[in-house]
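In what follows, a structure is listed as structure tokens, so that the remarks can point back to it.
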Amino acid sequence: MAMAGGTSWSAFWSCSRTPSTGTSGRRCLPLPVIVLFGNTAPGPAELFRRGDVDGDGAVELPDAIAILDRLFLGGEPPGCPDAADANDDGELDLSDPITILSRLFLGGEPLPPPGPIDCGPDPTADALPACAQRC
Ligand SMILES: [Ca+2]
Ligand SMILES: [Ca+2]
Ligand SMILES: [Ca+2]
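When you read off a place in the sequence shown, starting at 1, and then add 1, the result is the number in this note's numbering.
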């Protein structure tokens with residue numbers, strides 16, 4: 002059977018003549034065909050430093066201020082919401098700048114992976130928007 006573009010169905014079958022195939026003399030087996038419906042593979046993981054909201058490579062006071070600015074003064078959204086999600090609970094709220102400030106000035110708990118130093122992917126799934134900036 003002819004297909005658009007001059008391709009025939011026989012291109013998708015492997016046929017051979019064997020004595021055991023009866024009157025037709027041909028035995029055809031379907032070949033596996035891979036059909037691609039677009040790129041459904043996940044893209045590369047977004048890499049960021051936890052708490053580095055401004056993307057300058059360090060977690061400092063301006064990072065906490067950037068979150069507060071966004072939350073209470075309508076400032077710019079963070080370039081990487083996962084970086085601003087300092088406690089990795091999947092939400093951007095007051096607890097995030099508090100987590101950063103606690104770590105910086107009060108010896109609080111280390112920031113969750115990938116942490117403030119290593120550039121890495123988010124180990125926990127969340128509904129935060131994708132990072133516009135990467136480390
Ligand atoms: Ca920073
Ligand atoms: Ca959070
Ligand atoms: Ca997360």
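Glycine is no exception: its CB is placed at the ideal position from the N, C-alpha and C atoms.
Item	Value
Which first and last residues belong to the alpha helix (DSSP H) in which residue 106 is found?	96-107
Rounded to whole angstroms, what is the Cα-Cα separation between residue 99 and residue 65?	8 Å
List the residues that DSSP assigns as beta-bridge partners of residue 121.	49
Helix, strand or coil: which one does DSSP assign to residue 114?	coil
Could you spell out the range, first to last residue, of the alpha helix (DSSP H) harbouring residue 65?	62-74
Buried or exposed: which applies to residue 50, given that a residue is buried once 16 or more other Cβ atoms fall within 10 Å of its Cβ?	buried
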